[in-house]
Amino acid sequence: MTLWGGQSWHHYRQRAKLADSARQLLAFLTHLQAEANRNNRTAILWAQPDGQGCLGSGHKPTPPCTGLAGSLFIPPYRDIAIM
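So that you can map any letter, position 69 of the sequence shown is 69 in UniProt numbering, and since no number is skipped, the others follow by simple counting.
Next up, the structure:
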């Protein structure tokens, strides 16, 4: 029973982290879309799948997934990655 409870809790936490990450990604993309619509421009997206990965808009920094760029999404949990 204890093993089942531990596994159940682990799966619940995994689902919660994934759902939270998806909500944050949706908010990031919605913000980019609103900004592009407001400025009547096209937003170019790029993805960096190495390691945890990241998703950004505009010029890709070197190295990617670093810097204080406002148009950069990095998954909030280390066990969630952009592939």
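Note that beta-carbon positions come from the ideal geometry of N, C-alpha and C, so glycine has one too.
Inter-residue Cα distance where the pair is leucine 55 and histidine 10:
27 angstroms
Inspect the beta-carbon positions of serine 8 and proline 76 and report whether they are closer than 8 angstroms.
no
From which residue to which residue does the beta strand (DSSP E) around serine 57 run?
54-57
Could you give the C-beta distance for glutamine 52 and alanine 16, rounded to a whole number, given that I count them as a contact under 8 angstroms?
Not quite, the Cβ-Cβ distance comes to about 18 angstroms (not below 8 angstroms), so this is no contact.
Check the C-beta distance from leucine 32 over to alanine 43 and give it rounded, since I have them as a contact under 8 angstroms.
5 angstroms
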